[in-house]
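Residue 200 in full-length UniProt numbering sits at position 200 of the sequence shown, and the numbers go up by one each step.
Built from N, CA and C at the ideal position, the CB exists for glycine as well.
Read the structure below first, then the notes.
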Amino acid sequence: GRYQVIEGIMSPVNDDYGKKGLVSARHRIAMAKLALETSDWIRVDPWETEQETWTETVKVLRVRNHQKVCPAVLVGYGIFLLNFSFVKLFSSREAATNIRDQVLLLRKALILHSSSCILPELKLLCGADFLQTFKTPNLWKEGHIKEIVEKFGLVCISRAGSDPAQYIKESDLLTKFQHNIFLVKEWVQNEISATQIRYALCRGLSVKYLIPDSVISYIAHHNIYTEESERRNEGDLLQPLKLH
Numbered sequence: 001g002r003y004q005v006i007e008g009i010m011s012p013v014n015d016d017y018g019k020k021g022l023v024s025a026r027h028r029i030a031m032a033k034l035a036l037e038t039s040d041w042i043r044v045d046p047w048e049t050e051q052e053t054w055t056e057t058v059k060v061l062r063v064r065n066h067q068k069v070c071p072a073v074l075v076g077y078g079i080f081l082l083n084f085s086f087v088k089l090f091s092s093r094e095a096a097t098n099i100r101d102q103v104l105l106l107r108k109a110l111i112l113h114s115s116s117c118i119l120p121e122l123k124l125l126c127g128a129d130f131l132q133t134f135k136t137p138n139l140w141k142e143g144h145i146k147e148i149v150e151k152f153g154l155v156c157i158s159r160a161g162s163d164p165a166q167y168i169k170e171s172d173l174l175t176k177f178q179h180n181i182f183l184v185k186e187w188v189q190n191e192i193s194a195t196q197i198r199y200a201l202c203r204g205l206s207v208k209y210l211i212p213d214s215v216i217s218y219i220a221h222h223n224i225y226t227e228e229s230e231r232r233n234e235g236d237l238l239q240p241l242k243l244h
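Given below as structure tokens:
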């Protein structure tokens with residue numbers, strides 16, 4: 001294929017986003033971590049929830065983009081750390097000499113790899129219906145949409161009832177950068193949504209086999225999804241709409 005996936009990052013939205021029924025980030029992060037316990041390539045990053053207020057999507061992507069490191073550099077750094085630990089076995093004078101040597105070797109390795117290393121590309125993963133939100137008045141800034149599709153790119157997973165190809169065709173901006181929008185068709189359709197799960201929990205229905213048992217236990221223990229929690233932020237505008 002054209003790309004090799006290195007890792008997936010889940011970034012829960014800040015509590016200040018204002019979405020109806022949005023439960024505390026503390027619980028959302030805990031549930032996400034439980035759900036990902038068996039994954040060896042997806043992780044949860046709480047950075048977005050730790051900010052004082054809601055952070056626009058493009059700004060979150062910028063932060064993630066600045067954190068990218070060449071895999072070869074990571075390997076070199078790991079070797080340096082291992083060697084540094086080994087050096088501690090020597091006398092202080094010998095250790096000082098070896099540490100200086102290791103630092104010099106690491107610097108040379110960084111210079112060598114910086115000229116040939118291919119940095120990972122950061123893409124925004126979303127459902128196909130996400131593209132349609134670009135048309136919602138005042139929800140997105142035109143400049144932000146352009147930066148997302150031009151600089152980063154989108155990976156859109158197919159969803160029943162959504163026609164991402166049509167959404168792209170209807171937008172001059174998305175059409176211009178459609179080479180950076182990857183449409184992924186799920187051959188085995190999975191129409192389970194978070195909204196349906198929450199509704200079922202509010203009604204006392206079983207969600208067994210729909211989400212991990214560990215998450216079900218966490219929800220029951222903390223009594224998270226209730227009729228009361230579903231009314232949270234009811235009547236409030238989403239934070240991005242308040243900014244316009």
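About 6 Å separates the beta carbon of E234 from that of K20, a gap short enough to meet the 8 Å contact definition. When the beta-carbon positions are compared, T55 and N14 come within less than 8 Å of each other.
Here T49 is buried. Its C-beta has 16 or more other C-beta atoms within 10 Å.
Bridge pairing for F182: V155 [DSSP]. Segment contact: the segment 124-138 against the segment 155-162, three or more CB-CB distances shorter than 8 Å; contact assigned. For secondary structure counted as the beta strand (DSSP E) over 3 or more consecutive residues, the segment 19-74 holds these complete runs in sequence order: 42-44. Between K33 and V44, the beta carbon gap of about 5 Å places them in contact (Cβ cut-off 8 Å).
The beta carbon of Q178 sits closer than 8 Å to the beta carbons of I168 from its chain, once the five residues preceding and following it are set aside; these are given in chain order. Contact between E7 and W41 holds, with the beta-carbon distance rounding to 5 Å and staying under 8 Å.
Judged by DSSP in its simplified three-state form, G143 adopts helix. Boundaries of the beta strand (DSSP E) harbouring L125: L124 to G127, taken from the DSSP string. Using a C-beta cut-off of 8 Å, the segment 202-217 makes contact with the segment 225-234, since at least three inter-stretch Cβ pairs fall below that distance.
In this structure, L139 places its C-beta atom within 8 Å of the C-beta atom of L241. Burial state of L210 is exposed, judged by a 10 Å Cβ sphere holding fewer than 16 other Cβ atoms.
Taking every protein chain shown into account, the CB of V188 has fewer than 16 other CB atoms within 10 angstroms, so this residue is exposed. DSSP lists R43 as the bridge partner or partners of I9.
Taking C-alpha positions only, E150 is separated from P12 by approximately 23 Å.
In its chain, beyond the 5 residues on either side, I216 have a beta carbon closer than 8 Å to the beta carbon of K208.
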